[in-house]
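Residue numbers (full-length UniProt numbering): 1 to 306. Heads up, the beta-carbon is just placed ideally off N, CA and C, and yes, glycines get one too. Computed from a predicted structure; not experimentally measured. Encoded as structure tokens, the structure appears first; notes follow it.
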Amino acid sequence: MKNEYFLKAQERLKNEFGLNILDDLILDSKERVFLFSINVEDDIEFTVMLGNLEILGLENKNKIMLSELLNYFDFNNDYARVLGKKEAFKQLKDFFLENNKAHKIVFPILVNNKRYWINAYQRPVSKNSKINYCVFSEISKSMSNEEIAWYNSHIDPLTGLYNKYTFDYHYNIRYTNENLHVIYLDVDNLKKINDTYGHKIGDQVLIELASVLKKYETEYNHFYRIGGDEFLGLIFMDEIRIKELLQKILDEIMKKIFSDEEIKVTISIGVVRALQRKNLVDKADKLLYKAKNQGKNGYVYEIEGE
1 MKNEYFLKAQ ERLKNEFGLN ILDDLILDSK ERVFLFSINV EDDIEFTVML GNLEILGLEN
61 KNKIMLSELL NYFDFNNDYA RVLGKKEAFK QLKDFFLENN KAHKIVFPIL VNNKRYWINA
121 YQRPVSKNSK INYCVFSEIS KSMSNEEIAW YNSHIDPLTG LYNKYTFDYH YNIRYTNENL
181 HVIYLDVDNL KKINDTYGHK IGDQVLIELA SVLKKYETEY NHFYRIGGDE FLGLIFMDEI
241 RIKELLQKIL DEIMKKIFSD EEIKVTISIG VVRALQRKNL VDKADKLLYK AKNQGKNGYV
301 YEIEGE
């Protein structure tokens, strides 16, 4: 059934204002491409209905396959940096494969060394659910500051490490991964350092400690400042390798001279290897205090449930 309001509006715009409702209003934005998509074997084919793929930096043609579009995905963005590059890519691919509801996603592509941010919207066509209606909008101008703000919300401003919010996110998506270890560490006697030398020096100690921890981070192994002098780590290594890592960190901190005051700093660490994966942060925290009770400047390692 045709929409009577659309027809009336179309006629009025044409007669009174000399406007074409499609070209001058609906499609006036030069930052959008309208497409429909269908499944083709193990791929998805997007066909352009209106607009031009050149606004996305792509070749001007009437069709593009999902596999081709995914080849342009820009992994080097702050969203993928926090989510994990594999997770970000999977999230994007799953978005297009999940064609049973209306939803949208924002993602970057890299074409000829230029990044284009795309806001993609898709929904199934009600009369034929095998076909999806899609709109790709180019939103690079608005995304630059938004990307920076989003990334900063996941970072501890003093140390540059990820914050507690990011720890919770990473833990929730990775806690089932193999060789999961949760690390809880803090600075021995930081209160005394603050009281003796001032909080500015205490902050410098935390910054220097973070610089050591950053050396041992990878795409999935990270440390997080959760407040004060307390840090968490999510590390995916076997027992031998993580014990080697812990000793390297302890040794490097011991050798380091903090500030012009030539302050020597030590840290204590509690580490739990996940088996049951229950209350791991609390368990690592208890092991941290066990390390302190054993004389500080060391670590206590336990396997959960043993």
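CA-CA distance, residue i and residue j?
i	j	result
M1	E59	With a pLDDT of only 46 at M1, under the threshold of 50, the placement of this residue in the model should not be trusted; the figure read from the coordinates follows. Their Cα atoms are separated by approximately 37 angstroms.
Y5	E16	16 angstroms
R228	H199	According to the sequence shown, residue 228 is Gly rather than Arg. If I take the Cα positions, the gap works out to 11 angstroms.
K8	N128	28 angstroms
N77	L110	10 angstroms
D168	G233	11 angstroms
Q294	K286	13 angstroms
E239	Y216	16 angstroms
K255	V281	28 angstroms
R241	T218	14 angstroms
I257	L209	11 angstroms
E87	A80	8 angstroms
I55	F73	16 angstroms
G305	Q276	7 angstroms
E178	K290	26 angstroms
N62	P108	21 angstroms
E252	K264	11 angstroms
W150	D156	13 angstroms
D24	E11	13 angstroms
L53	M65	12 angstroms
Y224	N145	24 angstroms
L83	S211	22 angstroms
I201	I26	60 angstroms
Should residue i and residue j be called a contact, given that it needs their Cβ atoms to be closer than 8 angstroms?
i	j	result
residue 307	L161	Absent from the structure is residue 307, since the part of the chain shown begins at 1 and ends at 306.
I131	V271	no
L245	F231	no
L158	D203	yes
S137	E31	yes
V106	W117	yes
L13	L22	no
I139	N119	yes
H222	H154	no
P124	N99	yes
K114	G51	no
K104	Y121	yes
F75	K85	yes
N297	D195	no
Y299	L250	yes
Pull the bridge partners of residue i from the DSSP assignment, please.
i	result
R32	S137
W117	P108
P124	N132
Y158	Residue identity differs from the one stated: residue 158 is Leu in this sequence, not Tyr. Beta-bridge pairing links L158 to no other residue.
F73	I109
V40	D43
residue 333	For residue 333 there is no data in the structure shown, the boundaries of the chain being 1 and 306.
M65	E45
residue 307	Outside the shown range of the chain (1 to 306) lies residue 307, about which nothing can therefore be said.
If you compare alpha carbons, which of the options is closest to residue i?
i	options	result
A284	G298, I269, L275, D156	I269
Y301	D251, Q247, E262, K255	Q247
F152	T166, H222, Y216	Note on residue identity: the sequence assigns Asn, not Phe, to residue 152. Closest option to N152, Cα to Cα, is T166.
L190	T266, F89, R123, S211	T266
T176	N62, A274, K192	A274
L69	G305, A88, F46	F46
I226	Y220, I38, L206	L206
S67	K255, D43, N39, G84	D43
N71	V33, N112, I55	N112
K292	V33, M49, D186	D186
F34	V40, E41, M49, I26	M49
E262	K278, I193, K290, Q276	I193
W126	K63, F36, P108	The residue you asked about is not Trp; residue 126 is Ser in the sequence shown. Ranking the options by Cα distance to S126, first place goes to F36.
A39	F89, Y133, K90, L83	Contrary to the premise, residue 39 reads as Asn rather than Ala in this sequence. Considering only alpha carbons, the answer is Y133.
I303	I26, K243, I201	K243
I173	Y197, S144, Q91, E146	Q91
Closest Cβ-Cβ distance between residue i and chain D: below 8 angstroms?
i	result
K215	Here chain D cannot be found, since the structure has a single protein chain.
Give, in chain order, every unbroken run of the alpha helix (DSSP H) that is at least 4 residues long and sits entirely within the UniProt domain "GGDEF" (178-304). 190-197, 199-214, 239-255, 280-293
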